[in-house]
Amino acid sequence: MEVIVASDSDVMASRAADIVQAFLASTHSPVLGLATGASVQPLYRELVRRHREEVLSFAATRAFLLDEYVGLDPDHPQLYRNVVRTELTGRVDLRPARLFSPDVCSAELEEECARYDRMISRARIGLQILGIGRNGHIAFNEPDSTFDSRTRIVRLTATTRADNARFFDTLDEVPRRAVTQGLGTIMEAGHLMVMASGAAKAAPVLKALRGPVTESVPASILRTHPRVTLVLDSQAADAVVNCDGALMPSPTRQQP
Ligand code: GLP
């Protein structure tokens with residue numbers, strides 16, 4: 012796994028944008044997986060800047076949402092489809108019809124999850140952008156999600172609802188359910204780029220990188236993917252780097 016430790020969010024955004032830009036240039040019809048959250052916002056701002064000032068184009072790109080709340084009005088600003096449009100896709104040349112997300116208003120939501128999952132598998136996401144939750148979740152795969160899980164309806168934990176309450180007026184407004192790409196679905200993407208910033212992410216980053224690979228820490232599955240880039244700020248990396256800023260090696264088993 013490649014680990015990039017950036018001194019601040021601007022450097023993080025720039026390193027991550029380099030990865031996205033190189034990916035878009037590497038193929039005729041790029042398929043991008045898009046996450047939401049505070050850790051990816053600086054990246055989206057940087058991509059918009061490069062689009063405006065340096066002619067970075069998303070015209071050939073298709074984008075798939077990683078997860079989505081269930082129960083918000085279609086025009087609610089925190090519906091992830093709206094968040095991603097506001098922060099990125101609506102500000103670059105990605106055509107609205109090329110942004111895909113599960114129809115969370117569907118009366119047959121389970122079937123809709125299966126349909127969305129099939130679409131993702133067929134499209135083959137080349138670069139999937141991800142964040143990591145304080146409880147080690149990726150997308151909305153909360154602890155004890157199975158490693159082979161597919162896109163499905165999930166119930167959000169109290170920790171996740173409390174963490175995401177900062178984006179709403181009150182905790183009560185935070186939906187209790189969501190649709191998430193499954194861990195098995197996410198693992199099919201060609202390259203996973205995980206972004207984490209802030210001191211609250213130091214513990215889950217440590218567990219994901221150095222703890223056991225276990226379903227109780229969903230992000231630990233990343234260690235089994237052939238191509239993962241972790242982009243961290245120095246606070247999120249605090250528990251896995253030494254005082255020179257170098258990544259500490261995994262502890263080796265003691266010889267008897
Ligand atoms: C939400 C999203 C996740 C994201 C997480 C981390 O829960 N559904 O996909 O990984 O937030 O976000 P942040 O970067 O804001 O901590």
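Residue numbers for the sequence shown follow the working numbering, so the first one is 12 and each next one is one higher.
For each residue, glycine too, the CB sits at the ideal point set by N, CA and C.
Owing to the predicted nature of the structure, the values given are computational and were not obtained by experimental measurement.
In the three-state DSSP reduction, D29 falls in the helix class (H, G or I). In the DSSP secondary-structure assignment, A17 is bridged to D244. In terms of CA proximity to L194, G147 leads the group A214, G147, K212 and T170. Excluding five sequence positions before and after A46, the CB atoms of its chain that fall closer than 6 Å to its own CB belong to L77, I140, L141 and G142, given in chain order. A residue is called buried when at least 16 other Cβ atoms come within 10 angstroms of its Cβ; M259 does not meet this threshold and is exposed. Around the CB of N253, fewer than 16 other CB atoms lie within 10 Å, so the residue is classed as exposed. Ranking R163, D84, I149 and G144 by CA distance to the CA of E119 puts R163 first. Straight-line measurement puts the Cα of T196 at about 14 Å from the Cα of A230.
When the five nearest sequence neighbours on each side are left out, the beta carbons in the same chain lying within less than 8 Å of the beta carbon of N93 are those of D86 and H87, in order along the chain.
Taking 6 Å as the cut-off, one finds no heavy atom of the ligand GLP near enough to the beta carbon of G44. Distance from the Cα of V224 is smallest, within the candidate group P215, V216, R234 and L217, for R234.
Between the alpha carbons of G222 and E64 lies a gap of roughly 42 Å.
Excluding sequence positions up to five before and after E199, its CB lies within less than 8 Å of the CB of I131, S132, R135 and I136, all in the same chain and listed in chain order. Ranking V16, R56, H62 and A71 by CA distance to the CA of S40 puts A71 first.
Classified as exposed, G101 has fewer than 16 neighbouring CB atoms from the shown chains inside 10 Å of its CB. Taking a 10 Å sphere around the C-beta of T171, we find 16 or more other C-beta atoms and assign the residue as buried.
Set against 6 Å, the gap from the CB of D21 to the closest heavy atom of the ligand GLP is not smaller. Set against 6 Å, the gap from the CB of G48 to the closest heavy atom of the ligand GLP is smaller.
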